[in-house]
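**Student:**
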Amino acid sequence: MSSNDFTITCLADEQESLVPLHHVFRHARETEEWPSDLQHLADDWSPAWVNDVQWRGNSLHLLIQGSSGSMFESWHAAALHARGAKYVRVRIYHGQTDDVSELFYRAGEPISRRQFPAVQMSEREEIQSLVLDGEDVRLATRIKAGASLDIEVDGQPLILKLLEYGLEKSIKAALARGIDLSPCLVDLCEFARLIVIYGGKQRASILRSLLDLTPTGAALLWQDEDFMARAAGYLELLELLIEHGADVNASISEQGSLLFDSDRYFDSQPRILAFLRKHNAQSIPPAADQ
Numbered sequence: 062m063s064s065n066d067f068t069i070t071c072l073a074d075e076q077e078s079l080v081p082l083h084h085v086f087r088h089a090r091e092t093e094e095w096p097s098d099l100q101h102l103a104d105d106w107s108p109a110w111v112n113d114v115q116w117r118g119n120s121l122h123l124l125i126q127g128s129s130g131s132m133f134e135s136w137h138a139a140a141l142h143a144r145g146a147k148y149v150r151v152r153i154y155h156g157q158t159d160d161v162s163e164l165f166y167r168a169g170e171p172i173s174r175r176q177f178p179a180v181q182m183s184e185r186e187e188i189q190s191l192v193l194d195g196e197d198v199r200l201a202t203r204i205k206a207g208a209s210l211d212i213e214v215d216g217q218p219l220i221l222k223l224l225e226y227g228l229e230k231s232i233k234a235a236l237a238r239g240i241d242l243s244p245c246l247v248d249l250c251e252f253a254r255l256i257v258i259y260g261g262k263q264r265a266s267i268l269r270s271l272l273d274l275t276p277t278g279a280a281l282l283w284q285d286e287d288f289m290a291r292a293a294g295y296l297e298l299l300e301l302l303i304e305h306g307a308d309v310n311a312s313i314s315e316q317g318s319l320l321f322d323s324d325r326y327f328d329s330q331p332r333i334l335a336f337l338r339k340h341n342a343q344s345i346p347p348a349a350d351q
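The opening position of the sequence shown corresponds to residue 62 in the numbering used here, with each subsequent residue numbered one higher.
(1) Going by CA-CA distance only, name the one from Val80, Leu272 and Asp66 that's closest to Asp160.
(2) Pairing CB atoms from the segment 203 to 217 with CB atoms from the segment 247 to 255, are three or more of them under 8 Å?
(3) Based on the DSSP secondary-structure assignment, which residues constitute the bridge partners of Arg152?
(4) Suppose you measure from the CA of Ala46 to the CA of Pro346; what does that come to, to the nearest Å?
(5) Return the chain-ordered list of same chain residues with a C-beta closer than 7 Å to the C-beta of Leu242, the five sequence neighbours on each side being excluded.
(6) Determine, using beta carbons only, whether Leu301 and Phe336 come nearer to each other than 8 Å.
(7) How would you call Glu304, buried or exposed, if buried means at least 16 neighbouring beta carbons within 10 angstroms?
(8) Which word fits Ser231, buried or exposed, when buried means at least 16 other C-beta atoms lie within 10 angstroms of its C-beta?
(9) Quick one: using the 10 Å Cβ neighbour count with 16 as the cut-off for buried, is Val309 buried or exposed?
(10) Less than 7 Å between C-beta atoms, sequence neighbours within five positions excluded: which residues of the same chain meet that for Pro96?
(11) Is it the case that the segment 191 to 206 contacts the segment 90 to 110, given that we only count it when at least three CB pairs across the two stretches are under 8 Å?
(12) Whole alpha helix (DSSP H) runs in the segment 237 to 290 with 4 or more residues, listed along the chain?
(13) Lys233: buried (16+ other C-beta within 10 angstroms of its C-beta) or exposed?
(14) Does Arg117 come out as helix, strand or coil in the three-state DSSP assignment?
(15) If you draw a straight line from the C-alpha of His137 to the C-alpha of Gly169, how long is it?
(16) Please report whether the beta-carbon of Ala109 lies at a distance below 8 Å from any beta-carbon of chain C.
(17) Can you tell me whether Val114 is buried or exposed, with buried defined as 16 or more other CB within 10 angstroms of its CB?
(18) Around the C-beta of Val198, are 16 or more other C-beta atoms found within 10 angstroms, so that it is buried, or is it exposed?
(19) Quick one: what does DSSP say His101 is sitting in, helix, strand or coil?
(20) Out of Asp324, Leu296 and Asp328, state which residue places its alpha-carbon closest to the alpha-carbon of His340.
(21) Please state the DSSP three-state secondary structure of Glu186.
(22) What residue does the alpha helix (DSSP H) around Asp74 start on, and which one ends it?
(23) Does the distance from the C-beta atom of Leu228 to that of Gln263 stay below 8 Å?
(24) Secondary structure at Ser129, three-state DSSP: helix, strand or coil?
(25) Can you tell me whether Glu163 is buried or exposed? The criterion is at least 16 other CB atoms within 10 Å of its CB, across all chains shown.
(26) Nearest CA to the CA of Arg174: which residue from Phe321, Glu196 and Arg150?
So, in structure tokens, the structure goes:
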């Protein structure tokens, strides 16, 4: 079932004015209980789930999942204003139509985008927010302009979160800037799986950059069942693995060679079969079956 997701940004003249509202929504997230003066928000969006409550610079950031078709009205903004939010910005993701709309309020009344004050953030907070909000174009622009690439998002390297969120333009910009991939070697197989899943047109170039950092990485990846289940259907990725030293006949998680299980891994695509045979691949069953 689709839903409408409300990303709400609250601002006040003094950040301290938002502290009670922060407490209210933290409590609602933890207990699913809303105070009486905000209960009509939960009722209008029912079922309403508070999925995130956090400070972003001088703003309070809320992520609330509502029912399909639920809307944000002026009286909702007025209720937040009564709790200390002078300015409210609402970005609504409409699940049924897969589109996004934005609304802006001051003291509970609609205003234009230009009348909404800029949120004051450090560079780290800004980059984190752009990643978490999926703002690929804006984030790529900031990266091209020289934003730090050493920032972590939710405790993970920036490049890992870019992949997780599928931010292709930002990935391309980060690679062009020479982002350091070495932190991702700690969990090579997991990172490589994310490359295949979310790397899009950049997956081959990212994988090459990663394999250039580790002489044994290609061999390790070729033998990882989860990685190969995602990567074996991409000829350019197989070429990279062999180029970096993978054994075309290595057993994948002790389940036999890639050619042995070709239907499972790449639906026996003719061009991949031809590539494997060109590299003297053999159909080798699991050791227990030999």
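Here a beta-carbon is modelled for each residue, glycine too, at the ideal position from N, C-alpha and C.
**Tutor:** Here's the rundown:
(1) Within the sequence shown, the letter at position 99 stands for residue 160. Comparing Cα-Cα distances from Asp160 to each of Val80, Leu272 and Asp66, the minimum goes to Asp66.
(2) no
(3) The count along the sequence shown starts at 1 and reaches residue 152 at position 91. DSSP lists Thr68 and Glu163 as partners of Arg152.
(4) Because the chain spans 62 through 351 in this model, residue 46 falls outside it and cannot be assessed.
(5) Working through the sequence shown from its first residue, we reach residue 242 at position 181. Excluding positions up to five away in sequence, the list reads Ile220, Ser270, Leu271 and Leu274.
(6) Along the sequence shown, read from residue 1 onward, the residue named residue 301 stands at position 240. Along the sequence shown, read from residue 1 onward, the residue named residue 336 stands at position 275. Not closer than 8 Å, so no.
(7) Position 243 of the sequence shown, counting from 1, holds the residue named residue 304. Glu304 is exposed by the Cβ-count criterion.
(8) Here residue 231 refers to the residue found at position 170 of the sequence shown. When all chains shown are included, Ser231 counts as buried.
(9) If you number the sequence shown from 1, residue 309 lands on position 248. Val309 should be labelled buried.
(10) As a working note, residue 96 is residue 35 in the sequence shown. Excluding residues within five positions, the ones whose Cβ falls inside 7 Å are Val85.
(11) no
(12) 249 to 259, 264 to 272 and 278 to 283
(13) Along the sequence shown, read from residue 1 onward, the residue named residue 233 stands at position 172. Buried: at least 16 other Cβ atoms inside 10 Å.
(14) Taking the first residue of the sequence shown as position 1, residue 117 is located at position 56. Three-state DSSP puts Arg117 in a strand.
(15) Against the sequence shown, residue 137 aligns to sequence position 76. Against the sequence shown, residue 169 aligns to sequence position 108. In a straight line, the C-alpha of His137 is about 8 Å away from that of Gly169.
(16) Note that chain C does not occur in the displayed structure, where there is just one protein chain.
(17) Along the sequence shown, read from residue 1 onward, the residue named residue 114 stands at position 53. Buried.
(18) As a working mapping, residue 198 is identified with position 137 in the sequence shown. With fewer than 16 Cβ atoms within 10 Å of its Cβ, Val198 is classed as exposed.
(19) On the sequence shown, residue 101 is found 40 positions in, with the first residue counted as 1. DSSP places His101 in helix when its eight states are reduced to three.
(20) Taking the first residue of the sequence shown as 1, we reach residue 340 at position 279. Per the Cα distances, Leu296.
(21) Numbered from its first residue, the sequence shown carries residue 186 at position 125. Residue state, collapsed to three classes: helix.
(22) Translated into the one-based positions of the sequence shown, residue 74 becomes position 13. It is not in any alpha helix (DSSP H) - Asp74 carries neither H nor E in the DSSP assignment.
(23) The residue labelled residue 228 in the question sits at position 167 within the sequence shown. The residue labelled residue 263 in the question sits at position 202 within the sequence shown. No, Cβ-Cβ distance for Leu228 and Gln263 is not below 8 Å.
(24) Here residue 129 is taken as the residue at index 68 of the sequence shown, counted from 1. It is coil, neither helix nor strand.
(25) Along the sequence shown, one-based indexing puts residue 163 at 102. That one is exposed.
(26) For the purposes of this step, residue 174 is identified with residue 113 of the sequence shown, where counting begins at 1. Per the Cα distances, Arg150.
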